[in-house]
Each structure stands twice: as structure tokens, then as C-alpha cells.
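Everything on this sheet refers to the single structure shown next.
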């Protein structure tokens, strides 16, 4: 992607829909900026949704942040990522680089969702694993002051970083490639039935 050897890419993947990006990207950027102070080698790169134009992102991007439409190349090259909950978390599994799952919806939707479905994890990768292998920051926990210390802890603890990579490799093996979406949907339904 045209960066120096010392640079470590930090991927920000705020989702594909305009409302989702508007809700998630500002807090992702605040988190990145906190981390950048402690890790100057980080280069923030925002994933552009194919459904949104580069001009849509302009109000968010200033300073050192870059924008790319090459999401899979970003996933592959990133040292760490913040990924909106959804299918992108499963795509991230296949590249094996550590990430956190993020999401925020309206209070009403969140309340109704928690009332109707009782699950410990909302990230598909954690649902498939049957345990939390990547941190999740949902609703009131989706704040820079909560996310930055956890991410910094992973970035500075090589063993924890490698353990996440190993866990992601096991999930990748579990999913295989053909028909992964159907298997994930089936696993998610079974987990919801149990709760």
C-alpha cells in the first residue's frame, strides 16, 4: 500500500452503510489518535465502502489518516484493526491479524435486541469460537477511553497478540472456505437457541 517498513498499518473498518460509518468512524478515529501518541509508527487507514464515495469520508479524514477502497488488501496488511460487527469480522479472520469488534446502534434497538436475544457475544468470530477471542466494544463500551487501553495492551503484549493470531487460525480452519457463510449462520442460530 506504499508505506515504509517501519510503518504498522492500523485498519479502521467502520462498515458499509452511511449511517453506520457516521456512527462508528468518529470514535474509531478518536481511539486511533490516542494510540498514535503511544505508537507513532502506526498509520491509520480507513476502509471505504464501495457504496459510498470518497467525498463522503472527507469530513472525517484529516491529518495522517488515509482512505482506501481496497478493503481486503488493508485487512491483509494491517497490524491491527477495528472492525464493525458483521460479515467483515469473518473476512478479517481469514487474514489472521488481530482486531476488535465494534458497534453502536440506537438505545431502543439495543434494548429490544437484548430483550429478544440473549447472547454473550455479538461478533461473528466470537460466536463461531464459542468464546471471546477478540475484544468487543458495543454500545456504552464503544468509547475511545475504553478501547485504546485494551488495544494498547494487545499491541505491547507479544504473547497475547500471537495467541489471538493462533485463535484466528483455528477459526479459519473451522470455517474452511466454501460455504463458510452458511456454516456461520447455522452456528449462530444454534447458539441463540441455547440462550
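Residue numbers (our numbering): 510 to 704. For glycine and all other residues, C-beta sits at the position ideal for the given N, C-alpha and C.
Determine, using beta carbons only, whether residue i and residue j come nearer to each other than 9 Å.
i, j, result
"residue 632", "residue 681", "no"
"residue 602", "residue 684", "yes"
"residue 569", "residue 555", "yes"
"residue 548", "residue 661", "yes"
"residue 664", "residue 589", "yes"
"residue 576", "residue 563", "yes"
"residue 594", "residue 611", "yes"
Quick one: grab the DSSP three-state call for residue i.
i, result
"residue 587", "strand"
"residue 566", "helix"
"residue 557", "coil"
"residue 574", "coil"
"residue 685", "coil"
"residue 517", "strand"
"residue 612", "strand"
"residue 624", "At residue 624 the pLDDT is 48, less than 50, meaning the model places this residue with poor confidence; the figure from the coordinates comes in the next sentence. Three-state DSSP puts residue 624 in a helix."
"residue 672", "helix"
Could you compute how far the alpha carbon of residue i sits from the alpha carbon of residue j?
i, j, result
"residue 607", "residue 565", "28 Å"
"residue 561", "residue 534", "14 Å"
"residue 518", "residue 600", "17 Å"
"residue 523", "residue 634", "17 Å"
"residue 536", "residue 637", "27 Å"
"residue 655", "residue 545", "15 Å"
"residue 659", "residue 640", "18 Å"
"residue 525", "residue 559", "7 Å"
"residue 671", "residue 642", "12 Å"
Along the beta strand (DSSP E) that carries residue i, what are the first and last residues, could you check?
i, result
"residue 647", "645-647"
Could you check if residue i is buried or exposed, using at least 16 other CB atoms within 10 Å of its CB as the buried criterion?
i, result
"residue 657", "buried"
"residue 596", "exposed"
"residue 645", "buried"
"residue 541", "buried"
"residue 572", "exposed"
"residue 586", "buried"
"residue 557", "buried"
"residue 567", "exposed"
"residue 613", "buried"
"residue 624", "Its pLDDT being 48, under 50, residue 624 is placed unreliably in this model, and the value from its coordinates should be taken loosely. The residue in question, residue 624, is exposed, as its Cβ has fewer than 16 Cβ neighbours within 10 Å."
What residue does the alpha helix (DSSP H) around residue i start on, and which one ends it?
i, result
"residue 541", "527-547"
"residue 635", "633-638"
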